[in-house]
Amino acid sequence: MTIELIVVETLERKLADVPVPRVDVASVRRVARGRRLARIGGSAAAVVAALGAVTALVIGGSADPDRATDPAALPTLDFTAGLRGFYDQQSGLTHLGGQSSDLGAVRDPATGAAATPYGLVFFGADQSVRLLPADGRVRTLAASPARAADFTPTAKYDPGRGLSAWLTRSADRVTLSVYEFGEGPRLIGSYPVPCAGTACASLEVAGLDQGIVFVRGDDGTRLIDPAAGPDAGWTDVTDGQVADVRNRVVLAADTDTDTLPPVLADAGWRLVLGQGLDSQLTLDGAHELAGAATLASTSVGGAPLALALPPGEAPPALTLDSDGSVLAAQPEGGTEVYYDCRLAGACVELARLPGEPVFLDAAR
Amino acid sequence: MRAELDFEEFASATSDRFFRTAYAITRDPELAEDAVRSALAAAYSRWRKVSADAPEAYVRRMIVNEILGRRRPATRPAEAPVRRYVASPEQRVVDTDAVWTALLELPVGQRAIIVLRYYERLGEDEIATTLGIRPETITDETSVALANLRRLLTASRQGARA
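Going down the list, the sequences are from chains A and B. With the first sequence counted from 1, adding 2 to any position gets you this note's numbering. With the second sequence counted from 1, adding 2 to any position gets you this note's numbering.
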């Protein structure tokens, strides 16, 4: 008998005797939903309800979208420890910046958002881009595109450059816009994204790092560097889909290539295969958030990083907060316990809420 | 709803074998269960696309990547050289306990290749895709893993005699 046959027989015999745990599909779904949050209908509706209500409450449906009415309507928010944004589906209370508020009735079928140190970047129903800063006075960063089409706009934030990038869609095109925060906040450029037909609907901002914007769609991921000025063009990154980009680490959900285009590879960027489209990277790009309390290293042979979460009944849902900490929601006794976890430190309990976890920065 | 049912059917049909594969590589039932759950969740979150294109291969790849903690680098680093020696310890009577113990002592990357090749019965191209390495290296790495297995078995038998 050859060693190969011996191995085959051994594996078959030994593994047949291993007790196999029952697959809990609900638990699988929970992990998946915790990862992608607002991309699933119910959770998305809850998030956008809250954001839409903020818009309705503060702007009051004014013809002037920049008009910020009664700031007392929202409490002053504290973003120094991150946005800490999540939503209680049962009570309708929104938890943001250390406060919890009843933001009123659902109005806008708005969509995803991005957590930034300047506040929450989110979209109105008409794809106008808005900022909810710490003073609670919603500002419009970009008006609705002309003839706005049905689309799920997405945004990303680059903490290294203080830039945000978002996609919106009008009747005839998808446009990438790049906005600079800081002393003189301004829109620094808009770029049409090449797409045709139904493929346009799938486009999302996959990442924004070192000022370079990554846009993914069903046919792959491409990048553009706005620093190149008016002549900036699109470069293909991979036929697969990039999940996130941080600190020159490109996290791909799937890819048919092991290499990055020269514009990235020559500058020391790394391509890393992650756990799925809803994985995120820590700000330093060193670890991957993927529905487990232990974050895998993105380096070959690198040490994983365990969040200091107490033992849970199921894997936690995770998202990266604006300050680089990790927001976690972990089931316990029929509730979701929300924590704010330092990467190399303690996890602080924020709240205990019923229902599936819903983070406000849900369009990553 | 159809997609939900499809996913449930897929998970039910494949998860036992995925768990056994994961267990054989990790040697740890909890890590194996976590890896399978995480990989299925990744598949579920993009089921429409995954289900249209070899979902088993996708989930298997996710499981193995999760276990190995290995990511796909732009260039694959060289692995430590392994001695390629050894006398054949094949026996007429298969001592599955000894072989199993030896399998569990292999480096995790070599054990993954062995499990994918001889339990999952994957071809070299499929193993290469699963592990994210070049297909031409699989033959060589399989030989190295088997050689190490022989060496471990030989050492085990010599230890038993001493």
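Every residue gets a Cβ at the ideal spot worked out from N, C-alpha and C, and that includes glycine.
Cβ neighbours of residue i in the same chain (closer than 6 Å, five flanking residues each side left out)
i	result
Y87(B)	Unreliable positioning characterises Y87(B) in this predicted model, as indicated by a pLDDT of 30, which lies under 50. The coordinate reading is nonetheless provided below. Same-chain partners within the cutoff: there are none.
N249(A)	D286 and G287
R63(B)	T132
A298(A)	E290 and P306
G347(A)	none
E206(A)	T156 and R218
V247(A)	G209, D211 and F216
D99(B)	none
G314(A)	Q332
N-terminal and C-terminal residue of the beta strand (DSSP E) that residue i is part of
i	result
R218(A)	I214 to G219
L95(A)	L95 to L98
R141(A)	R141 to A144
I190(A)	R188 to V195
L163(A)	It is Arg, not Leu, that sits at residue 163(A) in the sequence shown. That residue, R163(A), is in no beta strand (DSSP E); it is neither H nor E in DSSP.
A319(A)	A319 to L322
T177(A)	V176 to E182
G121(A)	G121 to F125
R132(A)	V131 to L134
Spatial neighbours of residue i in its chain, beta-carbon cut-off 7 Å, leaving aside the 5 residues before and after
i	result
E10(B)	none
A230(A)	none
L311(A)	A295, P318, A330, Q332, Y341, C343 and C349
E58(B)	T16
V1(B)	Not covered by the structure: residue 1(B). The range shown for chain B is 3 to 164.
T237(A)	R224, L225, P263 and V265
D29(B)	In the sequence as presented, Asp is not what sits at residue 29(B); that position holds Arg. These residues qualify, in order along the chain: L106.
G191(A)	V180 and P228
L279(A)	Q243, A245 and A255
V27(A)	none
S14(B)	none
Contacts of residue i in chain B (Cβ-Cβ under 8 Å)
i	result
G242(A)	Going along chain B, no residue has its Cβ under 8 Å from G242(A), so there is no contact; the nearest lies around 10 Å.
D9(A)	In the sequence on display, residue 9(A) carries Val and not Asp. Neighbours of V9(A) on chain B, chain order: V101, L105, I116, Y120, L148 and L151.
L279(A)	A44, S47 and R48
E6(A)	Y120 and L148
P317(A)	D36, R39 and S40
Closest residue to residue i among the options (Cα-Cα distance)
i	options	result
L352(A)	Q101(A), V20(A), T4(A) and V27(A)	Q101(A)
P109(B)	E143(B), K51(B), A130(B) and A54(B)	E143(B)
G138(A)	A144(A), A148(A) and S103(A)	S103(A)
T259(A)	G94(A), S299(A), V244(A) and R15(A)	V244(A)
V9(A)	N150(B), A34(B) and Q160(B)	N150(B)
G293(A)	T321(A), G235(A) and T284(A)	T321(A)
T141(B)	I116(B), E35(B), R152(B) and L154(B)	I116(B)
R272(A)	R218(A), T300(A), R188(A) and S130(A)	T300(A)
S145(B)	L169(A), I5(A) and G304(A)	I5(A)
G303(A)	G111(B), E128(B) and I129(B)	G111(B)
A198(A)	Q212(A), A208(A) and R171(A)	R171(A)
F12(B)	D36(B), P137(B), D99(B) and S53(B)	S53(B)
R163(A)	T142(A), S146(A), P187(A) and A151(A)	P187(A)
P359(A)	S29(A), L345(A), V20(A) and Y89(A)	Y89(A)
Contact list for residue i against chain A, beta-carbon separation under 9 Å
i	result
G134(B)	D260 and L275
G10(B)	Reading off the sequence shown, one finds Glu at residue 10(B), where the question assumed Gly. V27, listed in chain order.
A13(B)	V25, V27 and V30
E68(B)	Q277, A292, A294 and A298
Close beta carbons around residue i, own chain, < 8 Å, minus the five adjacent residues each side
i	result
A136(A)	T78, L79, D80, F81, G99 and G121
T337(A)	R354, L355 and P356
Q93(B)	The pLDDT assigned to Q93(B) is 45, lower than 50, so where the model puts this residue is not dependable; a value taken from the coordinates is nonetheless given after this. Cβ neighbours of Q93(B) beyond the five flanking positions: none.
A144(A)	S130, V131, W168, T170, S179, Y181 and L189
A234(A)	G191, Y193, I226, D227 and P228
V239(A)	F216, G222, T223, R224, L225, V252, L262, P263 and L266
G270(A)	R250
A26(B)	L105, R113, V117 and Y121
Residue i, enclosing alpha helix (DSSP H) - first and last residue
i	result
D160(A)	Segment T156 to D160 is the beta strand (DSSP E) holding D160(A); no alpha helix (DSSP H) there.
Y120(B)	V110 to Y120
V9(A)	I5 to A18
V101(B)	T98 to E107
E126(B)	E126 to L133
Neighbouring residues, chain A, relative to residue i (Cβ below 7 Å)
i	result
S17(B)	V25
T98(B)	E11, T12, R15 and K16
S40(B)	V33, Q277, A292, G293 and A294
E35(B)	P23
Cβ-heavy atom distance, residue i to the ligand COA, below 7 Å
i	result
R62(B)	With respect to small molecules bound, the structure shown includes none, and the ligand COA cannot be examined in it.
Residue i: contacting residues in chain B (beta-carbon distance under 7 Å)
i	result
V20(A)	R22 and Y25
*Start-end ranges of the beta strand (DSSP E) lying completely within the region 14-56 of chain B, minimum 3 residues*: Listed in chain order, nothing qualifies, since the region 14-56 of chain B has no complete beta strand (DSSP E) run of 3 or more residues.
*In the region 225-304 of chain A, which residue ranges form an unbroken alpha helix (DSSP H) of at least 4 residues, counting only runs that do not cross its ends?*
Complete alpha helix (DSSP H) runs here, min 4: 264-267.
*asked:* Which runs of the beta strand (DSSP E) at least 3 residues long sit entirely within the region 324-362 of chain A? Give them in chain order.
replied: If only uninterrupted beta strand (DSSP E) runs of at least 3 residues are considered, those enclosed by the region 324-362 of chain A are 328-334, 337-343 and 349-355.
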